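103 is the number that the working numbering gives the last residue of the sequence shown; the numbers go up by one with no jumps.
C-beta: ideal position from N, C-alpha, C; glycine also.
Note that the structure is predicted; figures quoted are calculated from it, not measured.
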Amino acid sequence: MERYIYLILLPLGGAFIIAALNAAVKSRDTRNITADILANLITLATAGIALTSFGINGSYSVGGWPVPLGIN
32 MERYIYLILL PLGGAFIIAA LNAAVKSRDT RNITADILAN LITLATAGIA LTSFGINGSY
92 SVGGWPVPLG IN
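Set out below in structure tokens:
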């Protein structure tokens with residue numbers, strides 16, 4: 032079940048980036064575009080790490096490569 036968290040997080044991250052770009056375009060303030068995008072990416076990364084940092088064996092393999100995120 033935890034493997035499907037990425038199916039939720041990736042579109043959510045895309046929505047954050049699109050919302051930041053839309054807000055910046057509407058306000059015509061180019062100074063805040065980078066700050067908004069970076070803040071949203073940091074939030075997404077933090078949420079992703081928090082949601083995937085639980086598990087029993089502490090590793091998950093994708094195509095033979097281990098991904099140490101604690102996903103079972």
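Asked: Between the Cα of L52 and those of P42, L43, D67, G44, spot the shortest distance and give me the residue it belongs to.; Found: D67
Asked: Looking only at its own chain, which residues have a Cβ that is under 7 Å from the Cβ of A54, when we skip the five neighbours before and after it?; Found: D67
Asked: Since L43 and L75 should fall inside the 8 Å C-beta cutoff, what is the C-beta to C-beta distance between them, to a whole number of angstroms?; Found: 7 Å
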